[in-house]
Every structure is written in structure tokens, then in C-alpha cells.
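Residue numbers (this note's numbering): 150 to 712.
Written as C-alpha cells, this is what we have:
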């Protein structure tokens, strides 16, 4: 009875009010849900950080940078493609990032009498923010063909009126996805009315005080990365190179390690393309097995690249490839250091060796091997003793060649950058291949005709403006062959820049250190590599008709046939 009287007295529970109350309740719930949704969205938007495509590449790029097909080796090129070339070919993933500069033109610095009148005879204060802005402005205005990404703080130069400053950049045009570092000397003038101005900017890498020094890290402490853990970065040319050999810090670290080594085989002294194809097969297997690859850092240079015309032993991996990037991105050790440690600790710690003498034994069958060292031993019968045979057959879809780990030597790329900088990154390029093609003029006379200077002028006249800097990438030793082009263009050739690798150069000094103090020859492979890389940095890049036979071998055009 009491409950019934409560229902009667409460108007909100009357029959005629139930529908209105339900509608009001639903409206309030919907509004609350909307407010909650807006709040959640706001929090997500405020805290969300999009993935950087340079460090979290798309699946498409990841698949592109690893080899899962065409395991059979084919060699059609003089200079091999390495990891940075594949990024270059797939720049659509990076284009949005690469073409945006994070540096804007700073306000022009103006002298402030109250601050500097009493300091006219003192050295320029390079830490002054106005000086910093002034130097940035001068650099941006002078070098208009590059994207600036970051400026370093100026530091005192070699005298009281100079400051050194570094910056990170890449050319606005060209086909290479690479970052560069430059550091230059700026001459600062201070007038009587205390106004600062930049009266001179030094040459490429003239501001050495601003060059970042790297710590000499040699201790091997990297755990082998799993094959699916692929992190893609871009080369950065201009930094100090630290490609010292890693060492294992202790007996316990060595005894806990798992290693893989390839021994012998027929790849020695073969073409550089075959070397890379086989080496990356071994590195891919090591990553699949989660093991450290023991590698031989001495190479045999194929006779086609040697001035002697014969195969040359004793070349260093670091002459041609970026070992610093490799050791920082993968788990590798030099075999000399490894065998020294193995001799000290193998018997003492009971470390096992598992020998494999048939390339048909797949990596999948070795996944459960617990021995410290797996050694693949290759015989003397070609082609079954080529390392890349391990990655053929059923292994082809399992082992991924980690192309992103193999970059060209940054010492060679430093020469490339220096050449491009001397032309202010404002040049066009043409690729002219002569030699064996020209020798076949009796079979393919139309190709021989295309190599004439007249044909080159005809080919270039509608493509490159008169007066432009024109870099000619060619294997023609007699550059006077191209003299007729000088009437229309400012021509440049590789040999003009030989001071970059002669006995007084930084390249000569650094490579000699790697070679026990002995000078290193700037061989044909290095020349091919530098020539090709400078060509790729031209604003306009023209391949002459003489490249037809190279293209046809790659299936692009129809190959000419002999009569």
C-alpha cells in the first residue's frame, strides 16, 4: 500500500510522462557519448606521432629492399647496385620527407652599438645568435640548389674573424636519396657602426672545426638482428668515418655467441657483382639463423678493374663498401679476429663446430643446430662452389638478401660530393660508354656513328641549354675526343678532380691507414663508381644512344644482331 502511494505521488512515473522521460534519457546518453568521443579524439590527435617513413618503411619498400626472387646470378653492369640505389629507385616512399626543408630564412642580423662598440678589436663571438642567423642567411642565399635540413651551431674558426658552421642537406634535383654534411669557414666583417656581414664563404669542407667527431667504438656487443627486423635509413656523406674492426670484449661473450662462416669457393676474384650477390646470400642466411657472420675483409679485385690487367689480391672491403653502416646494422666480425679468439677459447669452453660441405643443405635444416660455429665449406668445382647457390631452389623464398645493409664506401661518396660541390650542385650530366661497343663497329656501324662528337651535340642540343656545366661520365681516356662540345658547354671530366684522391688527399691518407700504411691505388672500379654517382647527381641526366646495347641486355630494347 505504501509503495502504491509513492508511485501515485511521484509525477515522473505517471503513465503519460514515461515516453517523455525515456526520450530525455536517450538524448542525454547520446550527448554524453558524443562528448566522450570528442575527448578521446582530441587526446589521440594531441599525442599521435606518425611513423617516420625513413625508419618504418612500408611493406612495399621492405619487400623491395630484400631479395626473394631471381636467385640465379646475372651480371650486366660494371658498377653494382647497393642498398642506397634501391632506395633511390623507390623514392616515392620518401619523396614527401625528402622534399621538405625544416630550415627557413632567419631574420638578418643587425649590429647593436650598445653591445659591440667596446669590442671592435676583439675576436668575433661565433656563439652570438645574430652571427648564427647571419651565417644561415648567407648560406641559404648562396647555395640555392640544395635543401637545407639542419644547421649546427657556429664555432670559432682558424682566426679571430672566422667562424665554422656545419649543415645537413641534399640537392634539390637528382636521383639519389642521400643526405650530405658540409662544414665551411665564414669570414665575418664588423664595421665601425657595429654591423656584421659575411664577406666570404670557404670551399667545401673548409670549416673543419665544425666537423663532428665520432667516438671510437670497437667493442662487439650487438645481438644478431632477426631477418624480419628491417630498419631502413639513408646514407649520410660528410661525417667522420669510423670503420674500425669490432672486437669481442670477453671470453664469456664469445662463448655465448652463435656464428656462421663461409669458407673457400669459386667466388674469389670474380666480378664485383657476383661478390655482392654471394656475400648478401651469406649475410641473409646468418640473419635467418640468428647468427653472427664471420667475414673475410680482404677482397680479390677482378682483372677488369685492375690497372695491371690481372686479378689483384689484398684489397680491403672498406675501400669499396661502407663497413661502418654494416657493423652498426648487422652482426658481423672479421675472420682474423674471430679465429684468434676461437683458438684461445674453443677447447677451453667446449665450443662445437658443425661442418656443411653441400650447398644443397638448406638453412632451414640448420635452424636447430646448437653448435657455436656453423661452417659452410665450398669445393673447387664451379659453379657448384659459388656461395649464392645456397640461396637457390626452395631457399629462394626463405632467405632475403639484405641489400639495405650494403652501401658504397662513404670515402668514395665523399669524392662524389666534393665534385658536385665544386660545380655548386648545378650541372647536367651525360653518360657516354666507349670501348668494346666501339670495337664492334664492323658489326653495328650505326652504334659506332652515335659515338661521334657531332652525334653527341645533335643529341644534346634540344635537351641541355647552352653554357651549362656538363659532366661527362665516360670510360673514354682521351677526353680531347669531346673538345667540340666545349663551344656549347662547360665540360667536366673525372680526371679534373684527381686532387681528391692523389697523395695529398684525405682519401689517400685514410685508405693508407687501412692498408698498413701502404698507398692504395684509385682503381678502375672506384673510377666507375665515382663516375656513375656524379652522373646521377646531375639535374638533367642524358644517356647517349651508345647505351643501347646495355639496355638491350637488360630486356629494355631489342639487341642488334650481327650480320
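The beta-carbon is built from N, C-alpha and C at its ideal position, and this holds for glycine as well.
Straight-line Cα distance separating residue j from residue i
i: residue 297; j: residue 311; result: 22 angstroms
i: residue 528; j: residue 559; result: 34 angstroms
i: residue 503; j: residue 399; result: 23 angstroms
i: residue 531; j: residue 357; result: 50 angstroms
i: residue 575; j: residue 603; result: 25 angstroms
i: residue 295; j: residue 621; result: 22 angstroms
i: residue 597; j: residue 639; result: Annotation note: pLDDT 42 at residue 597 (below 50); position unreliable, coordinate value reported separately. Approximately 25 angstroms, taken between the alpha carbons.
i: residue 692; j: residue 605; result: 10 angstroms
i: residue 421; j: residue 458; result: 15 angstroms
i: residue 634; j: residue 573; result: 21 angstroms
i: residue 614; j: residue 581; result: 18 angstroms
i: residue 173; j: residue 179; result: 10 angstroms
i: residue 352; j: residue 568; result: 12 angstroms
i: residue 616; j: residue 686; result: 18 angstroms
i: residue 441; j: residue 293; result: 45 angstroms
i: residue 214; j: residue 551; result: Summary for residue 214: the model assigns pLDDT 42, below 50, so the residue's position carries little reliability; its value from the coordinates is reported in the next sentence. The alpha-carbon atoms of residue 214 and residue 551 are separated by roughly 7 angstroms.
i: residue 623; j: residue 636; result: 19 angstroms
i: residue 467; j: residue 654; result: 17 angstroms
i: residue 423; j: residue 335; result: 46 angstroms
i: residue 513; j: residue 522; result: 16 angstroms
i: residue 618; j: residue 601; result: 20 angstroms
Sub-8 angstroms separation of residue i and residue j beta-carbons
i: residue 645; j: residue 583; result: no
i: residue 299; j: residue 317; result: yes
i: residue 412; j: residue 525; result: yes
i: residue 556; j: residue 470; result: yes
i: residue 540; j: residue 433; result: yes
i: residue 415; j: residue 308; result: no
i: residue 273; j: residue 337; result: yes
Contact set for residue i: own chain, Cβ-Cβ below 7 angstroms, skip 5 residues either direction
i: residue 196; result: The predicted position of residue 196 is uncertain, since its pLDDT is 42 and thus under 50; no value can be drawn from it.
i: residue 675; result: 561
i: residue 327; result: 233, 319, 383, 384, 386
i: residue 301; result: 314, 315, 316, 359
i: residue 689; result: 577, 612, 613
i: residue 511; result: 543, 544
Strand pairing of residue i, partner residues [DSSP]
i: residue 641; result: 620
i: residue 447; result: 465
i: residue 317; result: 299, 330
i: residue 692; result: 580
i: residue 311; result: 336
i: residue 482; result: 443
i: residue 557; result: 470
i: residue 385; result: 328
i: residue 408; result: 441, 522
Per-residue burial, residue i [other beta carbons within 10 Å of its own, 16 or more giving buried]
i: residue 678; result: buried
i: residue 447; result: exposed
i: residue 283; result: buried
i: residue 680; result: buried
i: residue 325; result: buried
i: residue 175; result: exposed
i: residue 682; result: buried
i: residue 331; result: buried
Beta-carbon contacts of residue i that lie in its chain and below 6 angstroms, excluding the five residues immediately before and after
i: residue 464; result: 448, 450
i: residue 230; result: none
i: residue 281; result: 303
i: residue 407; result: 440
i: residue 570; result: 353
i: residue 218; result: Because the pLDDT of residue 218 is 44, which lies under 50, any placement of that residue in the model is unreliable, and the number read from its coordinates should be weighed accordingly. None.
Nonlocal neighbours in the same chain, by C-beta distance under 8 angstroms from residue i, ignoring five residues either side
i: residue 460; result: 418, 449, 450, 451, 452
i: residue 652; result: 668
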